[in-house]
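Read through the structure below, which is laid out as structure tokens, and then see the notes.
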Amino acid sequence: MDKKFAFESEEVSIAFYTLAGLGDAVIARKVFDAIIELAPDCVIDFYCVSPAHFSFAKAFYGDSKNLNRLINQEEYLANKEKYDLALYVGGCHVILFDWSNAQRLQAMAPKLWECLVKIDIYNRQNVHAIGDWRLAVALRNMISARILNKDCYSFLSYDGALPIRDNKINIPLAPEYKSKFDALKLGKYITIYTDITQNEKARPKVKTWSIKYYREYVSRLKKRLPQIEVVQVGGDDVKVENADRHYLNVDLELTKYILANSLLHVGCEGGLVHLATALGTKCLVMFGSNSCEYTGYPQNINLVSEICSPCMYILPDFSTCMRGNVEPPCMLSHTPATVCEVTYNYLKNNA
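Under the numbering used here, read the sequence shown as residues 4 to 354, first letter to last.
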């Protein structure tokens with residue numbers, strides 16, 4: 004990557020950043036690509052707020068010729084008003100502006116400027132008009148998705164202002180990691196993902212499946228399909244002991260290869276589901292508190308609880324069940340026996 008900042012070039016310069024979550028960074032790639040479609044020669048610096056964020060930016064955006072360099076918080080705050088545009092893709096699937104140089108954008112990227120004006124009008128009418136808008140907008144979008152037949156990508160398109168036409172995302176695989184993947188000597192396997200970190204072990208997110216259910220699921224599946232390995236992937240996740248292999252906290256580029264070659268990825272809605280889907284791997288996804296219409300993909304096997312869902316974003320703490328249950332009944336309704344049966348029915352015809 005160029006060592007200079009994007010604003011030191013003669014082209015339209017953009018500072019781009021997202022929430023630091025893995026799934027948020029994957030989804031925001033659609034906005035990144037749409038901006039490039041409107042301003043093909045733009046030069047983009049990606050602002051990262053943590054070591055993991057730098058890793059996500061490199062892994063999910065590193066193939067783009069428009070990506071100039073990754074910058075840290077100090078560099079961003081000191082220079083943001085030197086860019087032609089500084090924007091943020093929020094977790095509630097809105098796009099916010101930190102800075103814009105209207106004169107240069109109008110002259111050099113009129114299509115992008117026209118889009119930005121539409122986004123600003125939409126935000127004034129639909130986002131900033133709401134008091135504590137972050138959770139309220141996310142909740143409204145989630146409910147609206149079911150009524151209006153939209154998903155999170157539809158909302159990021161701002162009614163067509165940005166050219167986001169589908170949910171397909173191009174995530175590259177780094178060729179130099181192919182040999183490292185081959186060295187694992189994996190045969191036929193599925194991947195599982197708990198989305199429960201060690202810090203969350205005592206109080207996991209409401210949208211996650213319990214560890215005891217994962218253990219029972221793995222036991223049942225190994226009896227039904229002993230020739231299929233169960234591989235756990237993720238970061239600092241709680242280990243499912245009876246899985247055949249565990250690749251936790253391995254290099255993200257290697258994780259991408261493992262996901263891309265999996266027969267099926269099984270878990271709750273979360274970052275690795277979005278990544279696996281982008282890589283072309285079919286996922287079996289259990290939905291409870293969150294909305295399948297909003298964050299799901301029709302090409303996946305989506306198991307949607309019929310118990311009081313969706314409720315995500317009503318409460319600000321995603322670890323709290325609205326009914327006060329320690330374990331949310333929506334996720335408990337996805338029994339290991341049921342999920343195993345669905346997995347078996349898919350794999351018997353596709354393994």
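Positions of the beta carbon are idealized from the N, C-alpha and C atoms, including for glycine.
Helix, strand or coil at residue i according to DSSP, with G and I counted as helix
| i | result |
| --- | --- |
| M4 | Interpretation of M4 is limited by its pLDDT of 49, a score under 50 that renders its predicted location unreliable; no figure is taken from the coordinates. |
| C271 | strand |
| D44 | coil |
| A205 | coil |
| E309 | coil |
| E296 | helix |
| Y316 | coil |
| E232 | strand |
| T200 | strand |
| S16 | strand |
| S336 | coil |
| D254 | coil |
| R127 | helix |
| K210 | coil |
| D240 | strand |
Counted within 10 angstroms of its Cβ, other Cβ atoms place residue i as buried (16 or more) or exposed
| i | result |
| --- | --- |
| E256 | buried |
| L350 | buried |
| T298 | buried |
| T284 | buried |
| R149 | exposed |
| V329 | exposed |
Selection from the options that minimises the alpha carbon distance to residue i
| i | options | result |
| --- | --- | --- |
| A246 | I214, R107, K68 and Y64 | I214 |
| F10 | A89, C51 and C343 | A89 |
| V15 | N303, S103 and V46 | V46 |
| N353 | V288, N69, L266 and L108 | L266 |
| I146 | N348, C314 and G291 | C314 |
| G65 | V29, W102, Y161 and Y347 | V29 |
| R168 | V52, C155 and L176 | C155 |
| H268 | V288, Y250, V253 and L73 | V288 |
| I124 | V97, L318 and N144 | V97 |
| L262 | C271, F49 and H277 | H277 |
| Y192 | G93, Y86 and V221 | V221 |
| F63 | A281, R223, D320 and A205 | A281 |
Pairs of beta-carbons, one from the segment 18–28 and one from the segment 49–69, closer than 8 Å: are there three or more?
Yes, since at least three Cβ pairs between the segment 18–28 and the segment 49–69 fall closer than 8 Å, the two stretches touch.
Jot down the residue ranges of each uninterrupted alpha helix (DSSP H) in the segment 132–185, minimum 4 residues, whole runs only, in chain order.
136–151, 155–159 and 181–185
Continuous alpha helix (DSSP H) assignments of at least 4 residues falling wholly in the segment 50–113
Runs found: 54–64, 76–82 and 105–111.
Please confirm if the segment 190–210 is in contact with the segment 225–240, defined as three or more CB-CB distances below 8 Å between the two stretches.
The answer is yes - the segment 225–240 touches the segment 190–210, with three or more Cβ pairs under 8 Å.
Spell out a yes or no on whether the segment 331–338 and the segment 307–314 are touching, meaning 3 or more CB-CB pairs, one atom from each, closer than 8 Å.
Segments in contact, yes.
When the Cβ atoms of the segment 179–192 are set against those of the segment 157–171, are three or more pairs found closer than 8 Å?
no
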